[in-house]
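Enquirer:
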Amino acid sequence: MLKKVSFSSENLSLLNIADYYGDSEKALRLFFSPKNPAYTLRFNGYTRNEVEGELKLRLQELDKAVSLSILSALEALLRVDYLTRCYKKKKDPLSRKMRNIYKSKGVRASLERDILRLWKEICPEYKSFISEVITAFDYRNWLAHGRYWEPKLGRNFDYSSLYDLAESIEQLLISSRT
7 MLKKVSFSSE
17 NLSLLNIADY
27 YGDSEKALRL
37 FFSPKNPAYT
47 LRFNGYTRNE
57 VEGELKLRLQ
67 ELDKAVSLSI
77 LSALEALLRV
87 DYLTRCYKKK
97 KDPLSRKMRN
107 IYKSKGVRAS
117 LERDILRLWK
127 EICPEYKSFI
137 SEVITAFDYR
147 NWLAHGRYWE
157 PKLGRNFDYS
167 SLYDLAESIE
177 QLLISSRT
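Just so you know, the sequence shown maps onto residues 7 to 184 in my numbering.
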């Protein structure tokens, strides 16, 4: 018999991630503004354009770091959904197919080749949407593996687009459980 995963409950919610992003963005903007008490010491000799350039770089890096968090949270949502469907032995076609995967691969089911492929197969109305999710995970892989190559994604991702995508998937998962 396959061992069940004990869920940690430490996965971040999308709202937690949004709060972190908002707080961090505000903190960066304050740090790089003349309102910062240490501004003249930290940016002594900088032109306003140089300060704004550094702020832009920090905000871009924040966007990438939080994008990675969003995609990690999205993977957790999808994997918890997969395991919950298997553990509860739900009778809908998607859950039945997922249980077949679970019987052979257990918790080691591939997110893309197994879980998301089944979504595309069983719910063809979401095929293009799921393809976009797969491309987003390609972006996640690029971020997680050091960004040393030029990604060929066919589109640009950022915090906002990934948040919207993850929120849509979360709603899809919720609605599919009823």
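Ideal placement from N, C-alpha and C gives every residue a C-beta, glycine not left out.
Quick one: using the 10 Å Cβ neighbour count with 16 as the cut-off for buried, is I180 buried or exposed?
Expert: Taking the sequence shown and counting its residues from 1, one reaches residue 180 at position 174. That one is exposed.
Enquirer: Closest by CA to Y169, which one among P157, K158, A24, F135?
Expert: On the sequence shown, residue 169 is found 163 positions in, with the first residue counted as 1. Answer by Cα proximity: A24.
Enquirer: The alpha helix (DSSP H) with P157 in it runs from where to where?
Expert: Residue numbering aside, residue 157 sits at position 151 when the sequence shown is read from its first letter. Premise fails: P157 is in no alpha helix (DSSP H) and is neither H nor E.
Enquirer: What residue range is occupied by the uninterrupted alpha helix (DSSP H) comprising D166?
Expert: Position 160 of the sequence shown, counted from the start, is the residue given in the question as residue 166. A quick correction: the sequence has Ser, not Asp, at residue 166. Looking at the DSSP string, the run of the alpha helix (DSSP H) that includes S166 is 165 to 182.
Enquirer: What residue does the alpha helix (DSSP H) around Y145 start on, and which one ends it?
Expert: Translated into the one-based positions of the sequence shown, residue 145 becomes position 139. Its alpha helix (DSSP H) spans residues 133 to 150.
Enquirer: State the Cα-Cα distance for the pair R54 and K32, rounded to the nearest angstrom.
Expert: Position 48 of the sequence shown, counted from the start, is the residue given in the question as residue 54. Position 26 of the sequence shown, counted from the start, is the residue given in the question as residue 32. Going by the C-alpha atoms only, they are around 18 Å apart.
Enquirer: For my contact list, L89 and I175 are in at a C-beta cut-off of 8 Å; report their separation, rounded to the angstrom.
Expert: Reading the sequence shown from its first residue, position 83 is the one you call residue 89. Reading the sequence shown from its first residue, position 169 is the one you call residue 175. About 16 Å; that fails the 8 Å criterion.
Enquirer: Taking the alpha-carbon of N22 as reference, which of A44, V72, R153 has the nearest alpha-carbon?
Expert: Along the sequence shown, one-based indexing puts residue 22 at 16. Nearest option by C-alpha distance: V72.
Enquirer: Counting C-beta neighbours from all protein chains within 10 Å, is the total for V11 16 or more, i.e. buried, or is it exposed?
Expert: By one-based count along the sequence shown, residue 11 stands at place 5. V11 is exposed by the Cβ-count criterion.
Enquirer: Please report the straight-line C-alpha distance between S39 and G59, rounded to a whole angstrom.
Expert: On the sequence shown, position 33 is the one that residue 39 refers to. On the sequence shown, position 53 is the one that residue 59 refers to. Near 12 Å, if we compare the C-alpha coordinates of G59 and S39.
Enquirer: What do you get for A115, buried or exposed, if any count of 16 or more other CB atoms within 10 angstroms of its CB means buried?
Expert: By 1-based counting over the sequence shown, the position of residue 115 is 109. Answer is buried; the Cβ neighbour count reaches 16.
Enquirer: With DSSP as the reference, label D98 as helix, strand or coil.
Expert: Taking the sequence shown and counting its residues from 1, the one referred to as residue 98 is at position 92. In the structure shown, D98 sits in coil (DSSP, three-state: anything other than H, G, I, E or B).
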